[in-house]
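Protein chains in written order, with numbering that gives the first Met the number 0: chain A, 0 to 275; chain B, 0 to 275. As structure tokens, the structure follows; a few thoughts come after it.
Protein chains: 2
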Amino acid sequence: MVDCDRRTATMMTLFGTLLASGTAPLEASYTSAEPNGYMDKVPAAWKGNEQIGIVLYDHVTALDVIGPHYFLGRLAGATIHFVADSIRPIPSENGLVLTPTATFETCPKNLDVLLIGGGTAGTLAAMRDPAMLAFLRDRGARAKWVTSVCTGSLVLGRAGLLNGYRATSHWIGRPLLKEFGAVEVDERVVFDRNRATGAGVSAGLDLALALIQRLRPTEFAQMVQLFAEYAPAPSLDSGTPDHAPPAVLARAQDMLTGFVAGVREVAATANDRRPG
Amino acid sequence: MVDCDRRTATMMTLFGTLLASGTAPLEASYTSAEPNGYMDKVPAAWKGNEQIGIVLYDHVTALDVIGPHYFLGRLAGATIHFVADSIRPIPSENGLVLTPTATFETCPKNLDVLLIGGGTAGTLAAMRDPAMLAFLRDRGARAKWVTSVCTGSLVLGRAGLLNGYRATSHWIGRPLLKEFGAVEVDERVVFDRNRATGAGVSAGLDLALALIQRLRPTEFAQMVQLFAEYAPAPSLDSGTPDHAPPAVLARAQDMLTGFVAGVREVAATANDRRPG
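Here is the structure:
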């Protein structure tokens, strides 16, 4: 989920200044860095060579993709690509900028994992972006795993990649999955054949852990979970619609009415002109 | 936790090219974005004006700071600053670059929340960086909340900010807290007066949720938890040393021996020349 305000504008101005100067000591900061790090000690049998594409777009919810990135980024031997329409910096939310490392054109043609996160207005824009949909259809047709977090599944759906698949989404998005031919499942992580979808935002951690169990031996996944100290203990119990107080749920739903209407509008358009 | 490899170098080269070109359509991407977003519907009574400083440094573990950022970034009316020694892009891990919005000099003098994340070799470097320690001591002396995630508490400790405080850290770091005068507590989130420390990596989500409960009405925190769909359900149960299989724990500990030795070395130096 996304919100965007004047702080983002301020940050973008600062960043624009930096871009214009072109003098940031990037290579220096890299070469001064630590050696290859603790994952070098991973046994050879636990190493792989996956090509992983994490899709970025303006106002994607950062945690949707950075949660999974923690786990996927520890797949020793794998290569992570942050993919967007260009390598321009991508504004996510509240002043946080994410940096693509590949474009729709330069991203490897055959991916082991394709992952897209969600958001609100930014996600609606992604669902309307022909270049995004073309990229997802192309790589999704061959990727070993086609995955999403939060309302990212609605973008996969719009691209036709969840037609006939069981899937989940952020709780606000789950009832909308059927608009794109998917079968709504009210679970936190849903695997159906090579599609893996996660519920809202924080579900990306659960999705990624479950995915690395499928890519590597269980002991490897356990080790990464231990590194992440992933034994969550939220201090409140309002993480799902059936646990949140009714007034809190009603307010959250009210805030998202525009998003829901937007998805229905996109779906109506999509139905008019599939496969888009 | 951090690891750093050739992919980071590739990414930094790409990014350097972009910086040199100075032509990214940043303002265009901002102005074409969604309107102010769903948090605009937050009632006035739930709005604040906090100044929040999230500290970045080379090879910080991204999820340590992006997890809390999800929650803190939804405090309507608050301003988030990503603070580093300069506004050069900061390499975190596995190709992910984070972008500061303020420097140690330009960051507001009085912060409501100061937050620092952890890592491994990058964190050791931060613990040895006089400018970092000076920044933390200055802002930490006046911040309403001085907070950390993962091994970030060791940096706070090195800066003298946890002396006599109960605190936690990543499980590998908890026994090291006493080197800096802190009292180790084996809990996921520890509050002691205005210090709030979290355990490893993923504990940043729990820390931030608990913190926003203290900054806003409970209903607000519940609403943000619902937006995040933060009802975690990991598919494995190896997130803590006492739950991970012994062989997995032994391997993880082995990978981190260099980090532990480095912290002890920093602590010995710190003891020689406090307050540094």
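Even for Gly, the Cβ is constructed at its ideal location relative to N, Cα and C. The model shown is predicted, which means the values in this text are computed figures rather than measured ones.
- Apart from sequence neighbours up to five positions away, the residues of its chain that approach residue 224(B) with a beta-carbon distance below 7 Å are 208, ordered along the chain.
- For residue 170(B), a Cβ of chain A is located within less than 8 Å of the residue's own Cβ.
- Residues of chain B with a Cβ closer than 8 Å to the Cβ of residue 262(A) do not exist; the shortest Cβ-Cβ separation is about 14 Å.
- Fewer than three pairs of CB atoms, one per stretch, sit closer than 8 Å, so the stretch 83-100 of chain B makes no contact with the stretch 101-109 of chain A.
- Its chain contains 110, 113 as the residues whose beta carbon lies nearer than 6 Å to that of residue 142(A), once the 5 sequence neighbours on both sides are disregarded; these appear in chain order.
- Spatial neighbours of residue 126(A) in its own chain (CB-CB distance under 6 Å, excluding positions within 5 residues in sequence) are listed in chain order as 154, 157, 265.
- Counting along the chain, no beta strand (DSSP E) covers residue 116(A), and no H or E run does either.
- Within chain B, 218, 221 have C-beta atoms less than 8 Å from the C-beta of residue 244(A), given in sequence order.
- Less than 8 Å divides the Cβ of residue 91(B) from the Cβ of residue 59(B).
- For residue 249(A), the number of other beta carbons within 10 angstroms of its own is below 16, and it is reported as exposed.
- Here DSSP, grouped into helix, strand and coil, assigns residue 101(B) to strand.
- Residue 65(A): member of the alpha helix (DSSP H) spanning 61-71, first to last residue.
- For residue 219(A), there is no enclosing beta strand (DSSP E); the enclosing alpha helix (DSSP H) has its first and last residue at 217-226.
- Short of 7 Å from the beta carbon of residue 206(A), and not among the five residues preceding or following it, lie these beta carbons of its own chain, in chain order: 67, 146, 148, 188, 195, 197.
- Contact annotation: the stretch 229-246 of chain A touches the stretch 229-242 of chain B, with at least three C-beta pairs closer than 8 Å.
- Under the Cβ criterion of 8 Å, residue 209(A) is counted among the residues facing chain B.
- Residue pairing of residue 90(B) in beta bridges, as defined by DSSP: 96(B).
- For residue 126(B), no Cβ of chain A is located within less than 8 Å of the residue's own Cβ.
- Residue 115(B) has a beta carbon lying at 8 Å or more from every beta carbon in chain A.
- Around residue 215(A), the same chain offers 45, 47, 74 as residues with beta carbons nearer than 8 Å, after the five sequence neighbours per side are excluded.
- Cβ-Cβ distances below 7 Å link residue 184(A) to 165, 166, 167 in the same chain, with the five nearest sequence neighbours on each side left out; the list follows chain order.
- Under the DSSP assignment, residue 192(B) falls outside any alpha helix (DSSP H); it carries neither an H nor an E label.
- Following the DSSP letters along the chain, one finds residue 152(A) in no beta strand (DSSP E) but inside the alpha helix (DSSP H) bounded by residues 151-157.
- Short of 7 Å from the beta carbon of residue 261(A), and not among the five residues preceding or following it, lie these beta carbons of its own chain, in chain order: 123.
- Non-local beta-carbon contacts of residue 255(A) in its own chain, meaning distances under 6 Å to residues more than five positions away in sequence, involve 171 in chain order.
- Residues of the same chain with a CB within less than 6 Å of the CB of residue 240(A), apart from the 5 flanking positions on each side, are 170, 248 in chain order.
- Residue range 245-254 is occupied by the alpha helix (DSSP H) that includes residue 247(A).
- Under the three-state reduction of DSSP, residue 259(A) is assigned to helix.
- If you draw a straight line from the Cα of residue 64(A) to the Cα of residue 245(B), it comes to about 31 Å.
- Identification of chain B residues near residue 40(A) by a Cβ-Cβ cut-off of 7 Å yields 253, 254, ordered along the chain.
- When CB distances to chain B are screened at a threshold of 8 Å, the residues of the stretch 160-194 of chain A falling below it are 169, 170, 187, 188, in chain order.
- For residue 134(A), there are no C-beta contacts with chain B under 9 Å, since the nearest C-beta of that chain is about 18 Å from it.
- Counting along the chain, residue 209(A) sits inside the alpha helix (DSSP H) bounded by residues 202-214.
- Residue 79(B) and residue 55(B) do not touch by the CB rule: their CB atoms are close to 12 Å apart, not below 8 Å.
- Judged by beta-carbon spacing, residue 222(B) lies within the 8 Å limit of residue 251(A), meaning their Cβ atoms are closer than that value.
- Closer than 8 Å to the CB of residue 62(B) there is at least one CB belonging to chain A.
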